[in-house]
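What the sequence shown shows, in my numbering, is residues 510 to 885, in sequence order.
Where a beta carbon is used, it is the ideal one built from N, C-alpha and C, also for glycine.
Bear in mind the structure is a predicted one, so any value in this text is a computation, not a measurement.
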Amino acid sequence: MNFNIPKTVSFSGEKLWKMKKDGIVSDTVLAELKKLADDSLSGELLAVTERVMRASSGNPHDYASIGTYWWPNPDTPDGLPYIRRDGKGSPMATDTVTYRKMSERAFLLSLAAYYFDSSEYGRAAEKILYDWHLNPETYMTPHARYAQSIPGICDGRGIGIIDFSMSSYRVFDSVGILESLGFIAEENVVGLKRWYNEFTDWILTSECGIEEDCEPNNHGTYSDVQLIALAAFTGREALLKKILTTSYERRFREQVEPDGSQPLELRRTKGMIYSISNLRALMLIAGMAADNGYTEYLSPDEKYGDVVIKKALDYLYPYAVSFDSFPYEEFKPELVPERMKAVLLWADGRFAKEGYIDKADLISNKFILESAYPGI
């Protein structure tokens, strides 16, 4: 059985290795993981060329999507310009999640390949990554110029980068796992790193990328998550240090109040979900800093990031237990237990002996993938 330590990005590959070696993951969790992996083997082709949405460039390889909360205008014959309904996902915006589905499916199969030493799962994950990025017939050009467009208003926006930033790190974790198993061709690893180097250059120099970096809420936080992960994956250490050096002031201190609340997220119509999501991004930044040995760049004192995270977590937890007391809007309360359980599991690994695992079990007994690896 292969027990190589994977070079992951968003969590410690050594911790994953120990979880497998020591048999920490329960048989129940492994059975759920295998079932999901088996189901994923027969999933549809996830590629930019298979999507309904087409970019205004006319290039079928250019990624494009419609803004998540933008709907056809009921007061005009052609439905233009679209109008915004915050918190209400538009049926026209289904393409915004295609990249996320691709990256999450690749990661699921890679994780299953690691636990079950399965080349079938591993090669399936490799093919998913190849089809999206490198296949001459289905590849995506490495930019997001046409993401989150608004028909009748604009053909793309900086905030569309979040279509990628919430999950691109899973691609990099997948590559690290597959490499450790020998289930991905070296030429594909080289090709993926080249693709993401080009994507990084576009983010750093394009108007869209600069706009997203300046966003003060979860968009800005996930921008940092993605750039840190990109830098780690492609070996751009100077960029990694640069983002971590500014992230604490710009994201942790600016977004979380002393009482742990996140005002920029709470004012949305899904205040709880957005708060959990932004907390998840802060956790990813702190975790990547620690696991890559760069905690000192995150803040003058490594405890600062943890203090902010614990305050935000402790602010949200009581509302997850008793949601009726939540004093803000939340259109999707049914999503809260699963999302909250994920951040609690991460906290249990970060803050030992503080009872977060018990809180996670109290919130939900539903299987989530985070039960099978030391990340989020």
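Nearest candidate by alpha-carbon position, reference Asp857, set Asp870, Glu847, Val845: The option with the nearest alpha carbon to Asp857 is Asp870.
Assigned exposure category for Ala621 - 16 Cβ within 10 Å defines buried: Result: buried.
Leaving out five residues before and five after His728 in sequence, what residues of the same chain have Cβ atoms less than 7 Å from its Cβ? Excluding positions up to five away in sequence, the list reads Ile668, Ile671, Glu721.
Measure how close the beta-carbons of Ala898 and Ile575 come, nearest whole angstrom, since I'm counting them as under 8 Å. Because residue 898 is not part of the residues shown, which for the chain are 510 to 885, the question remains open.
Cutoff 8 Å; reference Tyr837; Cβ partners in own chain excluding five residues on either side: Hits under 8 Å: Leu775, Arg776, Gly780, Met781.
Euclidean distance between Cα positions of Val557 and Tyr608: The straight-line gap from Cα to Cα measures roughly 8 Å.
Contained alpha helix (DSSP H) runs [length at least 4] in the stretch 705 to 760, N- to C-terminal order: Qualifying alpha helix (DSSP H) stretches, in chain order: 716 to 722, 727 to 743, 746 to 756.
Please report how far the alpha carbon of Arg560 lies from the alpha carbon of Glu805, in whole angstroms. Using only the alpha carbons, I get a separation of about 42 Å.
With respect to the alpha helix (DSSP H) encompassing Tyr639, which residues constitute its N-terminal and C-terminal limits? Taken as a continuous stretch (DSSP letters only), the alpha helix (DSSP H) holding Tyr639 covers 628 to 642.
State yes or no: is the C-beta of Ala564 within less than 8 Å of the C-beta of Tyr655? The criterion of a C-beta distance shorter than 8 Å is satisfied by Ala564 and Tyr655.
Could you round the C-beta distance between Tyr803 and Lys750 to whole angstroms and report it? I think they count as a contact, below 8 Å. Yes, Tyr803 and Lys750 are in contact; Cβ-Cβ is about 7 Å, under 8 Å.
DSSP three-state label for Glu763, please. Three-state DSSP puts Glu763 in a helix.
Sequence-distant residues of its chain with Cβ nearer than 7 Å to Val852 (five each side left out): Cβ within range, chain order: Ile785, Leu788, Arg789, Met792, Leu822, Ile885.
Counting only the same chain and skipping the five closest in sequence on each side, list residues whose C-beta sits under 7 Å from that of Val765. Shown here for Val765: same chain residues with a beta carbon closer than 7 Å to its own, the five before and five after excluded, namely Gln771, Val817, Lys820, Ala821 in chain order.
Could you tell me whether the stretch 676 to 696 touches the stretch 618 to 632, where touching means 3 or more Cβ pairs closer than 8 Å? Yes, the stretch 676 to 696 is in contact with the stretch 618 to 632.
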